[in-house]
Structures are given as C-alpha cells and as structure tokens.
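The structure under discussion appears below in the form of structure tokens.
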Amino acid sequence: MSTQPRPREALLGLTPYGSGRPADAALPRHRLSSNESPFAPSPAVVEAAQRAARDAHRYPALVGEPLIELLAARHGRRRDEIAVGSGSVALIEQFVRAYAGPGDEVLMPWRSYEVYPLVIAGAGAQAVTAPLTAAQGVDVDALAARVTPRTRVLLLCNPNNPTGEALGAAALDALIERVPPSVLVVLDEAYREFVTRADVPDGAERYRDRPNVAVLRTFSKAYSLAGLRVGWCAAPPALIDGLRRVAPPFPVSAPALAAAAAALAETELLAQRTAAVVAERERMRRGLGELGLPVGDPQANFVWLPVAAAAADFAAAFLAAGVGVRLFPGEGVRITVGQADDSTAVLRAAAAWCERPQRQRGER
Ligand SMILES: Cc1ncc(COP(=O)(O)O)c(C=O)c1O
Numbered sequence: 005m006s007t008q009p010r011p012r013e014a015l016l017g018l019t020p021y022g023s024g025r026p027a028d029a030a031l032p033r034h035r036l037s038s039n040e041s042p043f044a045p046s047p048a049v050v051e052a053a054q055r056a057a058r059d060a061h062r063y064p065a066l067v068g069e070p071l072i073e074l075l076a077a078r079h080g081r082r083r084d085e086i087a088v089g090s091g092s093v094a095l096i097e098q099f100v101r102a103y104a105g106p107g108d109e110v111l112m113p114w115r116s117y118e119v120y121p122l123v124i125a126g127a128g129a130q131a132v133t134a135p136l137t138a139a140q141g142v143d144v145d146a147l148a149a150r151v152t153p154r155t156r157v158l159l160l161c162n163p164n165n166p167t168g169e170a171l172g173a174a175a176l177d178a179l180i181e182r183v184p185p186s187v188l189v190v191l192d193e194a195y196r197e198f199v200t201r202a203d204v205p206d207g208a209e210r211y212r213d214r215p216n217v218a219v220l221r222t223f224s225k226a227y228s229l230a231g232l233r234v235g236w237c238a239a240p241p242a243l244i245d246g247l248r249r250v251a252p253p254f255p256v257s258a259p260a261l262a263a264a265a266a267a268l269a270e271t272e273l274l275a276q277r278t279a280a281v282v283a284e285r286e287r288m289r290r291g292l293g294e295l296g297l298p299v300g301d302p303q304a305n306f307v308w309l310p311v312a313a314a315a316a317d318f319a320a321a322f323l324a325a326g327v328g329v330r331l332f333p334g335e336g337v338r339i340t341v342g343q344a345d346d347s348t349a350v351l352r353a354a355a356a357w358c359e360r361p362q363r364q365r366g367e368r
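Residue numbers (this note's numbering): 5 to 368.
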C-alpha cells in the first residue's frame, strides 16, 4: 500500500484545467484559445494598479469594499448584494462549495465551461448534465427534466462557453420558473458585454428580485483584466452571505481592486473596444459561414465550429498557420475573436483548410 498522500478518489479521474498547449510550446502569433481581450489595459488602469502596488506590504480591503461600493452604485444595488472574488471562477467555486456537498447534485448543460465539472468534484458533489440542443444551445426542457430532490445548484452560462449560443429572456424565465426555489441558480454572464441579440437579458437586472438567482460577471473579458483576476456577483443578501462563508480573506489584491475600479470608469473605452470585437466577430461569422463551416449565432467574444471528427485536424492546421485555437477533441474548435489581423489570419487558415480534399481533413 502506498504511504504517500493521495487526493480524494473523485478527483483522480479529472483532467486539470489547461489551455491544451504544451507548457514548453512556442506561443502562436495569433493567441485565440482563451477568450482573452486583444486589447491591453489602458495607461490609466495600469497606473492605478502600479500606485496600489506601492502599499503592497499592507493587506488589501477585507472583502474588496471599495470595488463593491462602485459596483453597487453603478448597478443600483445595495452593498450587501455584491461580492467580488479572484476571478469569477473563484465565485463559482465558492457557490458550489457553499451550497452542495457529498450526496448533492449540481446540474448543468453540457458542453459548457470546462471548469464546472472540476469545481463540482472539488466540492464532493455529483455533476448531472443535460445535452445541448441540435443548434448547440442550452436545452431548457432537458435541464428541467433532470432536476431531482437532490439538486442543489444549477450552473448556467449565458452566452454558453464554448458554443456562444445564448438563451433569450423568455427561455431563461421559463427555466428559472421550472427550477424549485430551493435550487440556487448561478447565472454565469462572463460574456454579457458582447451580446447583441436584443432578446437576451441582462440577468443582473432582470432577476434582481429572485431569491434563488445569483449573477456572475468578470473583468477578465471585455474589461481586459484577465491577468489581474477580478470577478463579481450580484445576488440577494442571503446568497452573498452563503458565498462569503467559504470565501478566503482578502480575495482580491489591492492592485487588482484599483485596476478594476479604474477600468469601470472608462465607459467609453469599454464601449469602443466591445464594439470592435463584435464587429470582428460578425466578420468571422460571415466569412466562416461563406466557407460552408457550421457557425451558429455567436453572442460572446468567440466563434464555435462543431466540426466533430475533423476538430483535431482543423486545430493542427490552424496552429501550423500561426493561429492557436481551443480544441475540443471529437466535438469542435473554439476561436476567440481578436483584432482585424487575427480575423484575417483565421479566415485565411479556414479557407486553406476547406480547400483541402476531405480525406486529408480528418473527416470520415
Ligand atoms: C463561462 C465562464 N465563466 C467564468 C470564467 C472565468 O473567468 P474569470 O475567472 O477570469 O473571471 C470564464 C473564463 O473563461 C468563462 O468562460
């Protein structure tokens, strides 16, 4: 018998989260695999972080009070309805740990954000998945049918990562209505800023009076701060209280708090940058569609191509052309939207791949 410490059995079969790129591989010229912003933070944001770093011998605000205050004012909420964390992924983990444990079920559509199953296993709970629709969107009926007396949490990402499809207000209302009030609905809106479909709601606004709905947002995508790790949550005070029960002290560093506050003030820059990404997304969607590739209705800062058996070959051909995309073997590839030169490289690589005979494209 081994005398070494072993992680819990439930964790041994899991693949840790990763970019899919070997650690020692050179970075591709076009880094389109992690849904990052193509824009660096503004000089004012960098300066705010630098200024805060001068006091790095002190702990930051206990629960991120200054940023909470700003977010509450911006969204017309009370301070006890807002929490911040080290990326929204930390808040997802806190919610799952606080509300589900061994013997409990956490429901989610699948395929969805790869971190969800890891977090659920980490809490010792059971993941229950509902398949997507044929159009790669969340299937409300399939999810509702899988609610059991043991369901504690529903993790729902809108728009969905990696497929980019979004539920409109009517479908989302219907789903939330069909979930018992004792089930915590975590509505993960990491990509909300990129949504252009008029019927897709702002969940933080629409569900503010729902006692069982918590909405998550992040500074990692539209706000260009992935490297500083700041996410936030809007929820009724009772849910924020639940979240805080498993929160680490000082969850967000002082430079990150300062940078997020400065980024929040740059509303015009955010609008410009978001519009630029959306314009490139539409260009990619059109161009890939014209090549006959299966693009749906992407509502985030990425495009999903469910090319199934050809996915690995597609990703390899892209990498050879200097474009790094996220491969989901046997399912598809997800391509982050960047700037114009990124889209041009994507469209070129895709056209070259489509011109190759089917036999050479890994298709059967
Ligand atoms: C759906 C979804 N939620 C949450 C996150 C986590 O974002 P962060 O922890 O950087 O806020 C991501 C990141 O890719 C995501 O795709």
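The beta-carbon is built from N, C-alpha and C at its ideal position, and this holds for glycine as well. Note that this is a predicted model, so its numbers are computed, not measured.
Residue i and residue j closer than 8 Å at C-beta
i    : j    : result
W357 : P166 : no
R150 : V123 : no
I96  : L176 : no
N164 : P121 : no
L273 : A56  : no
G168 : Q54  : no
V88  : G68  : yes
E284 : V341 : yes
A313 : G334 : yes
L147 : D192 : no
R196 : G172 : no
A94  : R249 : no
R156 : V110 : yes
A218 : A239 : yes
Residue i: CB within 7 Å of a non-hydrogen atom of ligand 1
i    : result
A194 : yes
A131 : no
C237 : no
Y21  : no
N216 : no
S186 : no
A230 : yes
Y227 : no
G91  : yes
N165 : yes
S224 : yes
N305 : no
Alpha helix (DSSP H) segment containing residue i, residue limits
i    : result
R78  : 69-79
F99  : 92-103
A56  : 47-57
R150 : Neither: R150 is in no alpha helix (DSSP H) and is coded neither H nor E.
Alpha-carbon spacing of residue i relative to residue j, whole angstroms
i    : j    : result
A325 : Q343 : 17 Å
K225 : S37  : 13 Å
A125 : G336 : 25 Å
A127 : C237 : 20 Å
L247 : P255 : 12 Å
L66  : A242 : 19 Å
L229 : T7   : 43 Å
A208 : G366 : 43 Å
E85  : D245 : 9 Å
A353 : E359 : 10 Å
Q130 : R12  : 14 Å
R287 : G293 : 10 Å
G22  : V100 : 21 Å
R277 : P9   : 48 Å
I180 : Q364 : 46 Å
V144 : V183 : 10 Å
A77  : L71  : 10 Å
Residue interval of the beta strand (DSSP E) (run including residue i)
i    : result
R156 : 155-161
Q130 : 130-135
V88  : 86-89
E109 : 109-114
L295 : It is not in any beta strand (DSSP E) - L295 carries neither H nor E in the DSSP assignment.
Inter-residue CB distance, residue i and residue j (contact presumed, cutoff 8 Å)
i    : j    : result
A263 : V49  : 5 Å
A194 : T222 : 5 Å
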